[in-house]
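Chain order of the listed sequences is A and B. Positions in the first sequence are counted from 1; adding 35 to them yields our numbering. Positions in the second sequence are counted from 1; adding 62 to them yields our numbering. Just so it is clear, CB atoms sit at the ideal spot from N, CA and C, and this is done for glycine as well.
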Amino acid sequence: MTTPEAVTLPEVPRLVATRGADVQDAVRDAHARREPLRIAGAGTWLHAGRPVAADTTLDLSRLSGIVEYVPGDLTLTARAGTSLAEIDDTVRANGQWLPLDAFGTTAGTLGATLATASAGPLAASIGLPRDVALGIAFVTGDGRLVRGGGRVVKNVAGFDLVRLAVGAWGTLGIIVEATVRLRARPETDRTLAMALPADRTALTTCLRRVREAEAAPVAAELVGASLAPRLGLDEGADWLLVRLAGNSEAVGAQEEALARGRHVHEVAPDVWQRLRATDPAEGLVVRLSQRPGELARLWTAAQRLEAAGGARHATLERGVVRAWVPMPDEDVIAAFLAELGAADARIFERLPPAWWPRLAPAPADPLARALRRAFDPAAVLNRGILGASEEQAG
Amino acid sequence: MGDRMRSSLGRQLAAICGPRHVLERPAELLVYTADGLPGYRKRPSLAVFPGTRDETVAVIRHLAREGVPFVPRGAGTGLSGGALADDVVLLGLHRMRRVLAIDVENRMAVVEPGVVNASLSRAAAPFGLHYAPDPSSQAACTIGGNVAENAGGPHCLKYGVTLNHVLAVTAALPDGEVITLGSAEGEREGYDLAGVFVGSEGCFGVALDVTVRLTRNPQAVRTMLADFTSLDAAARTVSAIVALGIVPAALEMMDTGTIRAVEASIFAAGYPIDAAAVLLIELDGFRVGLDRDVERVAALCRAGGARTLRVASDETERARLWQGRKKAFGAMGRISSHLVVQDAVVPRTRLPEILAEVGRIAQAHGVHVCNVFHAGDGNLHPNIAYDGTDADERARVFAAMREIMRACVAAGGSVTGEHGIGLDKLEYMSLVFSDDSLDAMCRLRDVFDPERRANPGKVVPTRSCREWAGTPAARGAG
Numbered sequence: 036m037t038t039p040e041a042v043t044l045p046e047v048p049r050l051v052a053t054r055g056a057d058v059q060d061a062v063r064d065a066h067a068r069r070e071p072l073r074i075a076g077a078g079t080w081l082h083a084g085r086p087v088a089a090d091t092t093l094d095l096s097r098l099s100g101i102v103e104y105v106p107g108d109l110t111l112t113a114r115a116g117t118s119l120a121e122i123d124d125t126v127r128a129n130g131q132w133l134p135l136d137a138f139g140t141t142a143g144t145l146g147a148t149l150a151t152a153s154a155g156p157l158a159a160s161i162g163l164p165r166d167v168a169l170g171i172a173f174v175t176g177d178g179r180l181v182r183g184g185g186r187v188v189k190n191v192a193g194f195d196l197v198r199l200a201v202g203a204w205g206t207l208g209i210i211v212e213a214t215v216r217l218r219a220r221p222e223t224d225r226t227l228a229m230a231l232p233a234d235r236t237a238l239t240t241c242l243r244r245v246r247e248a249e250a251a252p253v254a255a256e257l258v259g260a261s262l263a264p265r266l267g268l269d270e271g272a273d274w275l276l277v278r279l280a281g282n283s284e285a286v287g288a289q290e291e292a293l294a295r296g297r298h299v300h301e302v303a304p305d306v307w308q309r310l311r312a313t314d315p316a317e318g319l320v321v322r323l324s325q326r327p328g329e330l331a332r333l334w335t336a337a338q339r340l341e342a343a344g345g346a347r348h349a350t351l352e353r354g355v356v357r358a359w360v361p362m363p364d365e366d367v368i369a370a371f372l373a374e375l376g377a378a379d380a381r382i383f384e385r386l387p388p389a390w391w392p393r394l395a396p397a398p399a400d401p402l403a404r405a406l407r408r409a410f411d412p413a414a415v416l417n418r419g420i421l422g423a424s425e426e427q428a429g
Numbered sequence: 063m064g065d066r067m068r069s070s071l072g073r074q075l076a077a078i079c080g081p082r083h084v085l086e087r088p089a090e091l092l093v094y095t096a097d098g099l100p101g102y103r104k105r106p107s108l109a110v111f112p113g114t115r116d117e118t119v120a121v122i123r124h125l126a127r128e129g130v131p132f133v134p135r136g137a138g139t140g141l142s143g144g145a146l147a148d149d150v151v152l153l154g155l156h157r158m159r160r161v162l163a164i165d166v167e168n169r170m171a172v173v174e175p176g177v178v179n180a181s182l183s184r185a186a187a188p189f190g191l192h193y194a195p196d197p198s199s200q201a202a203c204t205i206g207g208n209v210a211e212n213a214g215g216p217h218c219l220k221y222g223v224t225l226n227h228v229l230a231v232t233a234a235l236p237d238g239e240v241i242t243l244g245s246a247e248g249e250r251e252g253y254d255l256a257g258v259f260v261g262s263e264g265c266f267g268v269a270l271d272v273t274v275r276l277t278r279n280p281q282a283v284r285t286m287l288a289d290f291t292s293l294d295a296a297a298r299t300v301s302a303i304v305a306l307g308i309v310p311a312a313l314e315m316m317d318t319g320t321i322r323a324v325e326a327s328i329f330a331a332g333y334p335i336d337a338a339a340v341l342l343i344e345l346d347g348f349r350v351g352l353d354r355d356v357e358r359v360a361a362l363c364r365a366g367g368a369r370t371l372r373v374a375s376d377e378t379e380r381a382r383l384w385q386g387r388k389k390a391f392g393a394m395g396r397i398s399s400h401l402v403v404q405d406a407v408v409p410r411t412r413l414p415e416i417l418a419e420v421g422r423i424a425q426a427h428g429v430h431v432c433n434v435f436h437a438g439d440g441n442l443h444p445n446i447a448y449d450g451t452d453a454d455e456r457a458r459v460f461a462a463m464r465e466i467m468r469a470c471v472a473a474g475g476s477v478t479g480e481h482g483i484g485l486d487k488l489e490y491m492s493l494v495f496s497d498d499s500l501d502a503m504c505r506l507r508d509v510f511d512p513e514r515r516a517n518p519g520k521v522v523p524t525r526s527c528r529e530w531a532g533t534p535a536a537r538g539a540g
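#1: Mark Glu-90 (chain B) as exposed unless 16 or more other C-beta atoms lie within 10 angstroms of its C-beta, in which case mark it buried.
#2: Answer with buried or exposed for Ile-74 (chain A), where buried requires no fewer than 16 other C-beta atoms within 10 angstroms of its C-beta.
#3: Any Cβ of chain A within less than 8 Å of the Cβ of Tyr-253 (chain B)?
#4: If we ignore side chains and look at the alpha-carbon of each, how far apart do Arg-7 (chain A) and Tyr-253 (chain B) end up?
#5: Can you tell me the Cα-Cα spacing of Gly-222 (chain B) and Asp-269 (chain A), whole angstroms?
#6: Does the distance from the CB of Leu-229 (chain B) to the CB of Met-170 (chain B) come in under 8 Å?
#7: Note down, in chain order, every chain A residue with its Cβ under 7 Å from the Cβ of Phe-189 (chain B).
#8: Is there a C-beta anywhere in chain A that falls below 8 Å from the one on Glu-344 (chain B)?
#9: Helix, strand or coil for Ile-205 (chain B), going by three-state DSSP, please let me know.
#10: Taking only beta-carbon positions, decide if Ser-324 (chain A) is within less than 8 Å of chain B.
#11: Residues in its own chain within less than 6 Å of Lys-389 (chain B) by CB, not counting five upstream and five downstream?
#12: Nearest-angstrom Cα distance between Gly-296 (chain A) and Leu-257 (chain A)?
#13: With a cut-off of 8 Å, does the C-beta of Pro-523 (chain B) fall near any C-beta of chain A?
#14: Are Arg-105 (chain B) and Thr-114 (chain B) closer than 8 Å when you measure CB to CB?
#15: With a cut-off of 8 Å, does the C-beta of Ala-535 (chain B) fall near any C-beta of chain A?
#16: Quick one, are the C-beta atoms of Ala-10 (chain A) and Ala-358 (chain A) less than 8 Å apart?
#17: Return the CA-CA distance between Val-494 (chain B) and Val-321 (chain A), expressed in angstroms with no decimal places.
#18: Which same chain residues, not among the five before or five after Pro-48 (chain A), have their C-beta less than 6 Å away from its C-beta?
#19: Counting only Cβ pairs nearer than 8 Å, list the residues of chain A close to Arg-354 (chain B).
#20: Decide if Pro-264 (chain A) is buried, meaning its Cβ has at least 16 other Cβ atoms within 10 Å, or exposed.
#21: Excluding five sequence neighbours on each side, which residues of the same chain lie with their C-beta closer than 6 Å to the C-beta of Ala-479 (chain B)?
#22: Between Leu-31 (chain A) and chain B, is there a C-beta pair that is closer than 8 Å?
#23: Quick one: list the residues of chain A neighbouring Asn-168 (chain B), beta-carbon separation under 7 Å, in chain order.
#24: What number of angstroms, rounded off, separates the C-alpha of Asp-379 (chain A) from the C-alpha of Gly-351 (chain B)?
#25: Does any CB atom of chain B fall closer than 8 Å to the CB of Asp-366 (chain A)?
#26: Could you tell me the alpha carbon to alpha carbon distance between Glu-341 (chain A) and Val-360 (chain A), rounded to whole angstroms?
#27: Is DSSP giving Leu-149 (chain A) helix, strand or coil here?
#28: Our contact map puts Pro-310 (chain B) next to Leu-219 (chain B) with C-beta atoms below 8 Å; I'd like the distance itself, whole angstroms only.
#29: By the three-class DSSP mapping on this structure, what secondary structure does Gln-281 (chain B) have?
#30: From the DSSP output, which residues share a beta bridge with Ala-75 (chain A)?
#31: Measure from the alpha carbon of Val-258 (chain B) to the alpha carbon of each residue in A:Gly-184, A:Ala-251, A:Met-229 and A:Arg-244, then state which is nearest.
#32: In terms of alpha-carbon separation, which member of A:Thr-350, A:Asp-195 and A:Thr-141 lies closest to Arg-507 (chain B)?
#33: Less than 8 Å between the CB atoms is what I'm expecting for Thr-110 (chain A) and Pro-409 (chain B), so what's the real figure, rounded?
#34: Tell me which residue opens and which closes the alpha helix (DSSP H) that Cys-575 (chain B) is part of.
#35: At least one CB of chain A closer than 8 Å to the CB of Glu-513 (chain B): is that the case?
#36: Can you find the residues in the same chain that come closer than 6 Å, C-beta to C-beta, to Glu-319 (chain B), ignoring five residues on each side of it along the sequence?
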């Protein structure tokens with residue numbers, strides 16, 4: 036297996052939901068017939084290579100629209116199929132933003148972003164989906180509409196159904212609506228770039244100094260040399276992009292602290308959109324993570340994928356390296372995995388379908404299996420998306 | 063549970079923890095019949111206090127074998143009756159109070175559940191770090207209890223609640239199985255079980271150790287007090303500050319009743335006693351630029367009708383301003399023997415109208431409400447001091463509280479922002495959640511505790527937990 040297979044979407048019947056009740060009807064029917072459903076938002080993740088075993092697709096892209104937006108509360112409620120771009124356009128007019136900046140296209144939907152817990156550079160400070168979601172409505176695998184959380188920014192009423200649904204890939208319920216916390220746009224929002232040393236020891240020292248500097252970046256992302264030209268940076272080096280936001284004096288002081296003893300230069304703020312847009316549509320995408328202090332080691336390990344025609348970037352304070360190869364080679368991947376420590380976390384976000392059985396996540400623990408049974412007794416929701424192990428749920 | 067069986071259980075638990083650490087006599091149990099919220103009294107059948115992780119697991123396994131329900135308890139400072147054991151075993155965890163590790167480079171700490179909140183920040187202080195969630199009871203409350211309640215505190219406005227600071231939990235499930243939820247070493251695929259465990263109010267198991275995030279101390283802090291001649295003007299100023307985009311580290315409000323109680327107590331902070339309301343506002347961050355943010359907030363306060371503005375000139379004055387706020391509930395103790403505190407949350411733009419509504423409700427019922435709360439989060443703490451021996455007054459107080467809760471829910475709010483449901487707010491759950499949502503919470507609980515032995519009768523009204531056909535609820539089945 037040295038080349039990825041062409042990915043073609045299975046031609047399956049589509050049910051298009053325009054109301055929450057449509058989702059309930061579809062799921063009740065699927066539950067009664069024991070016939071699994073594939074859940075789709077904008078469809079940007081359908082190529083992720085996760086082999087959902089379903090003959091029918093439930094399309095939520097038209098279950099969209101903003102339900103409630105009170106700018107003074109800095110909260111917004113939208114249906115699951117609403118695109119992140121639409122939310123951003125709406126709140127921008129009031130000087131606000133939604134800090135969900137997952138890699139890939141902004142055509143992605145709110146529901147899918149939360150369901151997959153997809154996070155971007157802002158996740159290290161303000162944009163982890165589990166922290167941004169305040170309330171959620173979802174339809175369980177037996178067709179019941181359930182609401183957790185609410186529309187207020189602080190809430191501990193009852194067991195936490197919000198955290199349950201975020202990151203569950205739709206397997207505990209189909210998210211139909213969510214309330215998210217917005218931020219006011221900062222007065223000043225600047226991004227600096229600094230070239231990183233290639234040597235691992237030097238890189239370790241450099242990253243430690245950046246983390247210890249008197250600065251609190253809203254994002255600090257390493258980008259590999261292969262991405263640099265697409266971001267308007269010199270491809271002779273790996274780079275660290277540091278985004279500083281806040282009042283202009285405070286941003287200036289942080290900039291000075293970061294520039295002490297290093298060469299930094301400012302880059303245009305659209306570098307972040309450009310970085311998001313570099314995400315590949317196919318191939319293999321892997322996310323490695325460890326304590327932030329281990330980042331230089333993971334970064335170096337991922338170099339092997341960059342050298343094989345791929346790319347890498349990393350979120351500093353989160354300790355996450357994300358790397359991809361459009362045309363993965365089995366030997367390269369094997370050598371790359373062999374270099375990692377047993378305790379290093381790895382998540383394959385995207386795989387050529389044929390690779391999935393071998394690299395799928397470890398079998399789910401009994402607690403996770405019991406959760407699946409409790410919320411989707413017939414395993415009709417995205418069956419198979421969490422790996423072969425959860426087939427037992429059915 | 064009969065007396066003969068109880069003493070036999072007591073003997074068995076004493077064999078695990080030592081006889082000094084098992085209490086059975088009613089007089090010894092008296093102190094465990096209440097938590098931080100007066101008004102409820104429940105006596106445990108016995109209380110056991112394991113001193114180590116192994117002892118804790120052994121106790122839980124023994125209780126599982128015997129099929130005995132239990133209630134985990136930290137320092138008992140909770141404000142929802144959540145740590146009360148009604149004729150079941152009380153499992154006190156305050157002896158497990160070691161800070162196991164502080165990882166300075168990665169800004170995290172591993173602690174046992176009985177570590178006191180403020181002592182973790184003290185342990186981290188030499189490294190320029192602190193643990194951000196700061197409930198007002200932080201001098202006494204434990205991290206285990208904070209995790210169970212998803213505790214908040216004034217500084218959660220900027221830094222987030224307990225959930226946002228917990229990376230991983232090693233927990234003993236009610237059946238005695240020890241599992242790790244979440245991960246401190248990278249991000250794992252799968253359900254967010256740590257996120258679900260935080261705030262589960264002791265119903266999902268017992269934390270044996272907790273890995274938390276530590277936060278860097280800010281370079282500079284500015285604390286100011288603004289006083290207003292009307293509650294409404296203060297509330298409108300809060301909304302204006304929130305909308306401004308500067309996120310204060312804390313934004314607290316106290317009304318005239320609270321101010322007078324505080325100023326008459328040993329916690330007197332120098333609040334103006336003729337004010338209708340004061341805002342205690344703290345900004346923190348980088349030294350450079352902070353004073354401009356302070357000036358922008360001050361300008362909003364002045365525009366909103368603030369009579370005077372006082373910025374603490376030194377750490378002593380700052381500590382004094384905060385002491386009045388953090389000890390406000392204690393100060394109420396001087397007024398009457400009993401105190402009922404609510405914890406509703408409303409969207410922040412609704413604060414002015416809801417405060418007016420609370421005032422109307424109090425007047426209609428002839429009770430005196432004091433407000434002291436996390437205004438920046440919209441998290442109200444209306445509280446009423448009353449004489450619990452006066453049945454008529456007690457009835458009026460509770461009728462007023464119910465009406466206040468209904469008004470907050472009608473404004474799009476929640477019935478608890480940080481204190482938890484416990485026993486006290488069970489009756490309000492169906493105001494906020496449908497039967498199907500409550501049922502989903504029961505399903506979730508049953509995954510962790512199919513026998514419903516951990517903190518029985520709390521959080522979700524029992525009648526909501528209907529059975530659903532054809533689903534094996536027990537873990538490991540199938």
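With the given structure in hand:
#1: exposed
#2: buried
#3: yes
#4: The structure shown does not extend to residue 7 (chain A), since chain A spans only 36 to 429, so no value can be given for it.
#5: 38 Å
#6: Contact flag set, yes.
#7: None at all; the shortest Cβ gap to chain A is about 11 Å.
#8: no
#9: DSSP places Ile-205 (chain B) in the helix class (H, G or I) of the three-state scheme.
#10: yes
#11: Counting only Cβ-Cβ distances below 6 Å, and skipping sequence neighbours, we find Phe-329.
#12: Looking at the backbone, the Cα of Gly-296 (chain A) and that of Leu-257 (chain A) are separated by about 19 Å.
#13: Output row for Pro-523 (chain B): interface = no.
#14: no
#15: With a pLDDT of 37 at Ala-535 (chain B), under the threshold of 50, the modelled position of that residue is not reliable, and no figure is offered here.
#16: Within the shown structure, residues of chain A are numbered from 36 to 429, placing residue 10 (chain A) beyond reach of any answer.
#17: 41 Å
#18: Thr-91
#19: Asn-282 and Glu-284
#20: exposed
#21: Reading off the sequence, residue 479 (chain B) comes out as Gly, not Ala. Cβ neighbours of Gly-479 (chain B) beyond the five flanking positions: Asp-405, Val-407 and Asn-441.
#22: The displayed coordinates of chain A run from 36 to 429. Any statement about residue 31 (chain A) would go beyond what the structure contains.
#23: Under a criterion of Cβ atoms nearer than 7 Å, the residues of chain A adjacent to Asn-168 (chain B) are, in order, Arg-326, Pro-327 and Gly-328.
#24: 40 Å
#25: no
#26: 7 Å
#27: Three-state result, Leu-149 (chain A): helix.
#28: Sure, about 6 Å apart at Cβ, within 8 Å.
#29: coil
#30: A:Asp-94
#31: A:Gly-184
#32: Answer by Cα proximity: A:Asp-195.
#33: 7 Å
#34: Nothing about residue 575 (chain B) can be reported from this structure: the residues present for chain B run from 63 to 540 only.
#35: no
#36: Reading off the sequence, residue 319 (chain B) comes out as Gly, not Glu. So the qualifying residues of the chain are Cys-432.
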